[in-house]
Structures are given as C-alpha cells and as structure tokens.
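Inspection log for the structure reproduced underneath, given as structure tokens.
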Amino acid sequence: MEKFPKFKDVIIHLPIDNSIPPVSQPYRRIPIPLEAKIENKIEELKQRDIIEPVVGSSKWVSPVVPVLKENGEVRLCIDMRRANEAIIRENHPLPTMDNLLPKMKDAKVFTKLDIKDAFHQIEIHPATRHITTFITSKGLFRMTKVSFLGHELSAEGETIGKIRFHNKRIQSAQNNWRTTKFLRPGYGHKTLTDCERRYCQTEKEALALVWAVEHFHIFLYGKKFELITDHKPLEVIFGTKSKPCARIERWVMRLQSYDHKVVYQPGKTNIADSLSRLSKDAEKSPIQLKDNHICQIVDFARPRAVSLKEIIESSMNDQEILNVKEGLYSNIWKDDVKLYKIFQNELCFHEGILLRGTRIVIPSELRKRVLDAAHEEHPGIVSMKARLRTKVWWPRCDKSAENIVKACKGCTLVSTPCSPNPMKRRELPTGPWIDIAIDLMGPLPSGDHLFVVVDYYSRYKEVKICRKITSTEIVEKLKEIFSRLGNPTSITADNGRQFISEEFKSFLTERNITLFNTVPYWPQQNGEVERQNRDILKRLKISIAENKDWKESLLDYLTMYNSTPHSVTGRTPSELFFNRRFRDKLPMINDAMERISQDTEIKDRDQERKEKGKENGDRKRKAEDCDLTLGDKVYIKNMNKENKLSLDYNPETYTVENRKGGDITVRNDETGQIRRRNVVHLKKIQGEWSVFQDQNKITDDEMNIGTNPRSPK
Numbered sequence: 001m002e003k004f005p006k007f008k009d010v011i012i013h014l015p016i017d018n019s020i021p022p023v024s025q026p027y028r029r030i031p032i033p034l035e036a037k038i039e040n041k042i043e044e045l046k047q048r049d050i051i052e053p054v055v056g057s058s059k060w061v062s063p064v065v066p067v068l069k070e071n072g073e074v075r076l077c078i079d080m081r082r083a084n085e086a087i088i089r090e091n092h093p094l095p096t097m098d099n100l101l102p103k104m105k106d107a108k109v110f111t112k113l114d115i116k117d118a119f120h121q122i123e124i125h126p127a128t129r130h131i132t133t134f135i136t137s138k139g140l141f142r143m144t145k146v147s148f149l150g151h152e153l154s155a156e157g158e159t160i161g162k163i164r165f166h167n168k169r170i171q172s173a174q175n176n177w178r179t180t181k182f183l184r185p186g187y188g189h190k191t192l193t194d195c196e197r198r199y200c201q202t203e204k205e206a207l208a209l210v211w212a213v214e215h216f217h218i219f220l221y222g223k224k225f226e227l228i229t230d231h232k233p234l235e236v237i238f239g240t241k242s243k244p245c246a247r248i249e250r251w252v253m254r255l256q257s258y259d260h261k262v263v264y265q266p267g268k269t270n271i272a273d274s275l276s277r278l279s280k281d282a283e284k285s286p287i288q289l290k291d292n293h294i295c296q297i298v299d300f301a302r303p304r305a306v307s308l309k310e311i312i313e314s315s316m317n318d319q320e321i322l323n324v325k326e327g328l329y330s331n332i333w334k335d336d337v338k339l340y341k342i343f344q345n346e347l348c349f350h351e352g353i354l355l356r357g358t359r360i361v362i363p364s365e366l367r368k369r370v371l372d373a374a375h376e377e378h379p380g381i382v383s384m385k386a387r388l389r390t391k392v393w394w395p396r397c398d399k400s401a402e403n404i405v406k407a408c409k410g411c412t413l414v415s416t417p418c419s420p421n422p423m424k425r426r427e428l429p430t431g432p433w434i435d436i437a438i439d440l441m442g443p444l445p446s447g448d449h450l451f452v453v454v455d456y457y458s459r460y461k462e463v464k465i466c467r468k469i470t471s472t473e474i475v476e477k478l479k480e481i482f483s484r485l486g487n488p489t490s491i492t493a494d495n496g497r498q499f500i501s502e503e504f505k506s507f508l509t510e511r512n513i514t515l516f517n518t519v520p521y522w523p524q525q526n527g528e529v530e531r532q533n534r535d536i537l538k539r540l541k542i543s544i545a546e547n548k549d550w551k552e553s554l555l556d557y558l559t560m561y562n563s564t565p566h567s568v569t570g571r572t573p574s575e576l577f578f579n580r581r582f583r584d585k586l587p588m589i590n591d592a593m594e595r596i597s598q599d600t601e602i603k604d605r606d607q608e609r610k611e612k613g614k615e616n617g618d619r620k621r622k623a624e625d626c627d628l629t630l631g632d633k634v635y636i637k638n639m640n641k642e643n644k645l646s647l648d649y650n651p652e653t654y655t656v657e658n659r660k661g662g663d664i665t666v667r668n669d670e671t672g673q674i675r676r677r678n679v680v681h682l683k684k685i686q687g688e689w690s691v692f693q694d695q696n697k698i699t700d701d702e703m704n705i706g707t708n709p710r711s712p713k
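Every letter in the sequence shown is one number past the one before it in the UniProt record's numbering, and letter 99, counting from 1, is 99.
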C-alpha cells in the first residue's frame, strides 16, 4: 500500500507547554467485535505513514476511542483532552461560517473536490509527535499527520442550515418547521447526596428547582420562562416578599440572573412527577446485608411470649410438676418438692395447669423464658419481682429474679457505681519537706497554668505560673524550688503526661526522690493538693470579680495562707516549715517572733482531725469495704462518654490481678492490657444464668423443712 501524500514543505510544530506535567493514561478495553477491525485500521494507517510505532516508553499516552460508522467501518479516534491541556493556544482570528456564507451569496457553481482522507495532508514535526502518542492492543503509536474537519457547501444548501441562517432576521421563522415546536430540549435527573437526603421536603423541592434551572442553563439563560412545580410553598418562597432560611436564600440568589416565574401545578397533572416515582433502589452492599442479618438474629433473640398451651404441654412432661400433683392427691411429698408442701393449701390444678391461688406455677424448662420476658426493657429487681408476683410463681421465684437482673450485662453496664472504700488517712511525716504533693491547675483565661506544690507535714504551699505544661517546664520549676528548699524524699502526683514521662522520672531518680502516681481518675488519693487547688481557684475568681490583677492577688493569697494557722495542725505553715513566724501586715510583739520548738501536739492534733474527717466522710459517702477478690471478673467505668446514651461501663471484661485497699489492678481478658483503677470505677460481674440456676437447687437441709410454713429454717 502506498504512503499517504502530504503538502510539500509544510510541517507543523506543535507548541507544547513544558510546565504541564505529562499524563500517561491506561489502555481502555475495546469491545471484542471491534478488535479485529481496529487492528486492521491500525495496520492500514501504519502502512500509509499516518501513524508510526513508538520505541520504548512515552510520558504522554492517550487512549483510543473507536467509533463505528454506518457502513460498518471503524473510525479510529483518540481522546486527546489531557494532551490538549499542554498545547499553547495561538491567538489568530479564525473566520467563522457566519462570516463566510454571506460572501458566497452569488456563487452558483461549486466544485466538488473530494480527496479521500484529505485531512491527513499536513505532517507533524518529529520533535513534537510524542504528545500524540496513543495506546492500543498492539502497543504504542503516535501520529505523523494532523487531523482536521470542515463544512459541506452546496448551491442548494441544507434545510437546517437555512433555518439557522435566516431565523435571526425573519419573524416567526420557526413556523416553517413545525416539528421543533413540540420537541423537548432534554430530560434531567439527580441523585441526592447523604446530606441532601436529610433536607426537609420543602428544601428538597427547592433544590430540585434550582438544580433544574442550572442544568438547562444553555436553554434558559436570557429567556423568560416558567418554572412549573407541584410544591405550592415554592411560589411563596421564591416570591419577592419571602424571608426564607439562609440555605434557600442562597438558592434564590443563584436564580436572580434568570428571568423566571414559579408556577404551581398540581402533582396529578405534572408530567415530571412520574420520574420521581420511578427511581430504582441501589443494590444493597455486603455491609448492609450483614447488618440486616444481624438485625434478624437480634429480633429472633428477643424474648417470646409463653402461651398457656406451652405451659400445659410442659407441665405434662415436667417431673417436678408431676410430683407436686402426686403430693396433692396422696399427701406424700417427695424430697424434690418439699418447698411446694408449705403452700399445699394454695395449690390446685385447673385444665392441666398448676396454680398457686391465681398465679400460674411455671414448669422448670419455661422459667428462663418467663424471666427473660419479665426482664424485657430491663426493669430493676423490685419492679421485676412485682411484675412476676402478679401472674406467675415457682419456688424461689424472687431469688431467680434477683439473679437474672444481676447477671444481665446491659443492666450491669449502666448500673450505679460501687460504694467507695472507707477512707485511709495518710500518716503525718516526721518533719517538713519529706513528702510533698504536686499538681497542675488550669488553663486560665490567659492561657497560663498554675503549678502547685504542697508539703504534707506543714501544709506549706508554693505556686508557680507556667506558660507551658511540658515535662521540661515542670522540671525547671522544681529545680528552682529544690535549690531553695532542698530535695524531698517522695513526691505524689497524678497521671498527667508531664508526671509519667521518662524525662520527669529521670530527674527524680537523679535526686533519689521516690515518685507515687495516684490511681487514674481518682484525684481523692492526692486530696491535699486538690483541696488547695479549690482554695486558689476561689481567690482568683474573687480577684476577677473585683477587677484586680490575678497574679498580684495570688501572691497576696500565698502570704496570707502561709501566715495563717491551719485548721488541722493549729499552727501556721511557715511556723512548722521554717520554725518561725512570718511578719505580715498585722502587728506582732517581738516575743512572738522567737523560734519555737516542735512537739507531739502537732501529730496528736493532726491524727485527731483526720480520724474525725474520716468518720464524717465515710458516713456521707456510705463507704463500705469492697468484696472484690483476686480472680473476680469486672467491668471498668467508661470515663470518656461521647453522648447521653453512652454506657456507664465498658463491655470488655477484666480480671482482678492485685488489690491494695481501694487500689485495684485488673487485666483485660482479651488483650492482656493492665489497668489500675479505684474500686468505685469497677463493677463486679455477678455471673451467668446457668451458674445461678445451679445455686438455686434445693439443698439437703432445705428439704427437711417441716409442714409449718412459719417454722424456722
């Protein structure tokens, strides 16, 4: 096959913008019936020197888009949209058909010169051919010739062309072509997003109206038109006197550039209304199917009602009920039904059902179902007992109700917390600056935090203002304090990240200081400094109320506090710490400034006040010793609730590993993670129904109960 001819001495050099990153698009799958035709077309273009194979790789790659002609042949098109973005546009006034056609008004004879594939006459310079690279099933190729199209001209012209040319000058020109009067420009539809589905119905209707106008912008802009809707409120909302919400107000502004009028049309006469009723549901995803399956399981697990027919059938096969029946008729009671003998005067059979008065005696195999039905929606122990007593009975029915409530995981996870352990007061150190407590308070409105240090012996207090609360900042503050007062023996702190970091621990280890971290979420264990924080915060609020500088007020408060006798020791903190009294604004005689000796009075007074505080605190808090032992299963209190419906306790189970008073160490049964909590943050798991059922079996001692219901057990 001969090579395709080309213009002599004409080569096109494509201007490429190198700042645009090249795009290599993947191969698009071709329909199987077209593969052979495309391969033949590629081979033909290759032999005619219209395309050439690419050796190696190419940064620019465009996909092939085959178009099937009416005669069955294939036109090989290339999607060059991404490549065209890198072509620099040249500014040249190109003539349009509207300019050319008037110049040919007197032309009568037109030469028909139809050269086959004449649009491949212009050659592309080899240096810029790489941007035309396209991918096929045979590999990479690139264009060597330029493609372009044109218009067809004739003396008779074309009907549509005439109308388009004259309709701008002839009034009612469209009447010459009646068919177009009844054609619709098009139809449109839109799937709402998840957010849009939550709009109210009026907002959805307004959104549809705005979207439709913008969708058909090419037909509506610059024309006066009517917006027909079957939602009556839109007439008012899009009117001139409406005051809609912010969202609809924005939509109204988007339509201000259109000359439109909203017209109400009842839904039964609105043609577009059928489209909104023919939507097809999307296929359910595997996750949705899995959710539906889980919902079916949950629905099946719901307690089912117990019918009288089931009770009759179960009573006929229940050995315990049969033994009761035998005891009522023969007055011979077997050991396993001794508890029924106490109520023999109240028992009777009616149509195969054992009754105690007006209450049904439930057979053994149905008791679990009855308990589940009575515990539906999770009533408490008292309510559940009252509910059962009105209709059913069996021996130890109340005990079974208590056990089912205690064994219910849902009730346990939202139940009230355990009572705290009785207080354990800290012993007074032998001297000042031996045991100290530290804590951070803030942030304040200025962004500052307060670093509070309290001595457990003298109650002497120092407060430092911190702009940052990092471990480095805390270490620097402690260095300054220790340089004046020396190193203490121990420090008690909470579990803030500053106090558990390696930097902080290393600082204390270098100075031979022991660190005690309190139980997480239990600030009462460091109560001395927490109580001081409350007093400091109170004074700062007062300074703000009086429009004073809170930093100056803080210094004045520390001076006052360290110079005032403490309610527990009866001595001022400065007196116990420095063995002398501070001079302040109040007058004092010289004898009062003499150094005083410490004695056992301070320790006795401290112990007395602490014991009294412990007694009052335990009484108010209803404290009692915890019954948790090693190996018990517990739930941990949920300390990070997201909303009002969050569970009070996390559903993961933990095992008690260690206990020191109210300080409990537990291990996660699944992950093995160790946690440390106070007893009030734990809820003991009472057990499963099967365990309680075994515990409810009648013992030998209970079988020896006499016939007198009031006889002692």
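All residues carry an ideal CB built from backbone N, CA and C; glycine is no exception. On a predicted model such as this, the values are computed, not experimentally measured, just so you know.
When only Cα atoms are considered, aspartate 625 and phenylalanine 482 end up about 40 Å apart. Beta-carbon to beta-carbon, phenylalanine 577 and serine 458 are separated by about 4 Å, close enough to satisfy the 8 Å threshold. C-alpha of asparagine 547 to C-alpha of glycine 570: approximately 33 Å in a straight line. With 16 or more other CB atoms across the displayed protein chains lying within 10 angstroms of its CB, leucine 388 is buried.
When the five nearest sequence neighbours on each side are left out, the beta carbons in the same chain lying within less than 7 Å of the beta carbon of isoleucine 381 are those of Ala401, Glu402, Val405, in order along the chain. Annotated as distal: serine 415 and aspartate 663, with beta-carbon spacing of 8 Å or more. Leucine 234 sits away from histidine 260, with the two beta carbons spaced by 8 Å or more. Under the Cβ criterion (8 Å, minimum of three pairs), the segment 342–354 counts as touching the segment 308–328. Leucine 682 sits close to cysteine 418, with the two beta carbons spaced by under 8 Å. Sequence-distant partners of threonine 412 (beyond 5 residues in either direction) whose C-beta falls short of 8 Å from its own C-beta, in its chain, are Lys406, Tyr635, Tyr649, Lys683, Ile685, Gln686.
Excluding its 5 nearest sequence neighbours in each direction, aspartate 439 has C-beta neighbours in its own chain below 6 Å: Val452, Val529, listed in chain order.
Of the residues assessed, leucine 478 falls on the buried side of the cut-off, its CB having 16 or more other CB atoms within 10 angstroms. Each residue's CA atom was taken as its position, placing lysine 46 and proline 22 some 25 Å apart.
In this model, methionine 143 and arginine 129 are separated by some 6 Å (Cα to Cα). With fewer than 16 other Cβ atoms inside 10 Å of its own Cβ, asparagine 640 counts as exposed.
When DSSP states are grouped into helix, strand and coil, glutamate 205 belongs to the helix group. For valine 55, the closest alpha carbon among the candidates Glu575, Gln265, Lys138 is that of Lys138.
If you draw a 10 Å sphere on the C-beta of alanine 437, you find 16 or more other C-beta atoms in it, and that means buried.
Taking a 10 Å sphere around the C-beta of asparagine 91, we find fewer than 16 other C-beta atoms and assign the residue as exposed. Contact check between the segment 328–345 and the segment 367–379: fewer than three CB pairs, one atom from each, fall below 8 Å, which does not count as touching. Looking at the DSSP output, glutamate 52 sits in a beta bridge with Arg142.
The segment 348–385 is shown to contain whole alpha helix (DSSP H) runs of 4 or more residues at 364–374, in chain order. Here the segment 506–519 makes no contact with the segment 440–448; the two share fewer than three CB pairs at distances below 8 Å.
Between proline 520 and arginine 676 a beta carbon distance of about 6 Å is seen, short of the 8 Å cut, so the two are scored as contacting. In the structure shown, proline 63 adopts extended strand secondary structure according to DSSP, grouped into three states. Considering only Glu123, Cys408, Arg29, Glu657, the residue with the shortest C-alpha distance to proline 5 is Glu123. Taken through DSSP and simplified to helix, strand or coil, alanine 86 comes out as coil.
Residue pairing of arginine 675 in beta bridges, as defined by DSSP: Val666. At a Cβ-Cβ threshold of 8 Å, isoleucine 12 and valine 146 count as neighbours. In this model, phenylalanine 349 and aspartate 336 are separated by some 19 Å (Cα to Cα). According to the DSSP secondary-structure assignment, tryptophan 393 is paired through a beta bridge with Val361. The beta carbon of isoleucine 544 sits closer than 7 Å to those of Trp550, all from its chain and outside the five residues before and after it, given in chain order. In the DSSP annotation of this structure, the continuous segment of the alpha helix (DSSP H) that includes glutamate 39 starts and ends at 32–47.
Sequence-distant Cβ neighbours of lysine 232 in its own chain, meaning closer than 6 Å and more than five residues away, are Tyr264. For isoleucine 685, there is no enclosing beta strand (DSSP E), as DSSP gives it neither H nor E.
Between serine 58 and threonine 133, the C-beta gap is smaller than 8 Å, which places the two residues in contact.
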